[in-house]
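To keep things clear, I will list the structure first and then write my remarks on it.
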Amino acid sequence: MDGENHTVVSEFVFLGLTHSWEIQLLLLVLSSVLYILSMAGNILIVFSVTIDPHLHSPMYFLLACLSFIDLVACSVTSPKMVYDLFRKHKVISFGGCITQIFFIHLVGGVEMVLLVAMAFDRYIAICKPLHYLTIMSPRVCVLFLGAAWGLGISHSLFQLAFLIDLPFCGPNILDSFYCDLPKLLRLACKDTYKLQFMVTINSGFICVGSFLLLLISYIFILFSVWKHSSGGSSKALSTLSAHITVVFLFFGPTLFIYTWPHPNSQIDKFLALFDAVLTPFLNPVIYTFRNKEMKVVIRRVFKTLLTFRGIS
3 MDGENHTVVS
13 EFVFLGLTHS
23 WEIQLLLLVL
33 SSVLYILSMA
43 GNILIVFSVT
53 IDPHLHSPMY
63 FLLACLSFID
73 LVACSVTSPK
83 MVYDLFRKHK
93 VISFGGCITQ
103 IFFIHLVGGV
113 EMVLLVAMAF
123 DRYIAICKPL
133 HYLTIMSPRV
143 CVLFLGAAWG
153 LGISHSLFQL
163 AFLIDLPFCG
173 PNILDSFYCD
183 LPKLLRLACK
193 DTYKLQFMVT
203 INSGFICVGS
213 FLLLLISYIF
223 ILFSVWKHSS
233 GGSSKALSTL
243 SAHITVVFLF
253 FGPTLFIYTW
263 PHPNSQIDKF
273 LALFDAVLTP
283 FLNPVIYTFR
293 NKEMKVVIRR
303 VFKTLLTFRG
313 IS
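Following this line, the structure appears as structure tokens:
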């Protein structure tokens, strides 16, 4: 018997966000609209950076990479959540649950490194402008991207390693609208206290470490901008404020979910919903409306598309 696979649970049941039909209907409309807008906004940024030569710089390359990972982020849990809002019985297969966990941690790992890379990019642009193109060469940008995906994949696989030998024989009810490792570990048919602690330490250490690194970096950059105040300082501050806002939007919910020892279920759900639906929508909005160059390029892209449509 010891060599057998004791996993008998083939699916998990979500309790969802709420039992109120009126609130579910409201969430259905809002989530659907935000998902469509998130996809459209991030695709527009990736498309604009790709086709417009004015945006072929390290800063916009990293922004396009962030938008691409936001496309993945909003597609990991949102479509399933929207679909489940139609249904009374919300279920996900065991394999689907594992897949969600893998991509949630993959996206989180990649985005953390990209945000660190974007902070480094702004530091070089503001503090060492004469050496910017030399330091932020295409090779360095690709290395940052490779490091982001490398960390994301290794972190995700490391998280899944905790599940390899765990038996699941019931219950199979998750008080959530998506699968994540801490909740899933509590359903295993054995004591997983040590594993839960290790998961919290692993994810929490990466989150807190990255957040503190970014916080210190941006404080140092802001100090440098104020110290060497010039005509370009207002533009630099505008760009930095967009970056800092995105950092807090990303790390706020993540830090609470993975470092708070006994999270309240409803607050946990609200923050997870914010992270899954609202953050991928706000990122392109913040970067677009706080960046004059992006607004000009997007208008140009729209004009080109309208002209092309008129010709055809």
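The sequence shown begins at 3 in my numbering and counts up one residue at a time. For every residue, glycine included, the Cβ atom is placed at its ideal position computed from N, Cα and C.
A127 has its alpha-carbon roughly 21 Å from the corresponding atom of I47. Check the Cα spacing between L36 and each of K185, A75 and S22: the tightest is with A75. The alpha carbon of L275 has as its nearest neighbour, out of E295, G254 and Y289, the alpha carbon of G254. Between the stretch 13-20 and the stretch 84-101, the count of Cβ pairs shorter than 8 Å is three or higher; the stretches touch. For V11, there is no enclosing beta strand (DSSP E), as DSSP marks it with neither H nor E.
L216 and L57 have their C-alpha atoms spaced approximately 24 Å apart.
Of the candidates L273, C67 and V303, the residue whose Cα lies closest to the Cα of V144 is C67. Distance from the CA atom of F63 to the CA atom of T247, rounded to whole angstroms, is 19 Å. Excluding the 5 residues flanking it on each side, L39 has same chain C-beta neighbours closer than 6 Å at F283, in chain order. Rounded to whole angstroms, the separation of the alpha carbons of I137 and F225 is 21 Å.
Around the CB of T306, fewer than 16 other CB atoms lie within 10 Å, so the residue is classed as exposed. For the alpha helix (DSSP H) assignment, the uninterrupted runs of no fewer than 4 residues enclosed by the stretch 138-186 are, from N- to C-terminal side, 140-163.
Boundaries of the beta strand (DSSP E) harbouring V93: K92 to S95, taken from the DSSP string.
Taking L176 as the centre and dropping the five residues before and after it, the same chain places the C-beta of F14, F16 and K185 closer than 6 Å to its C-beta, in chain order.
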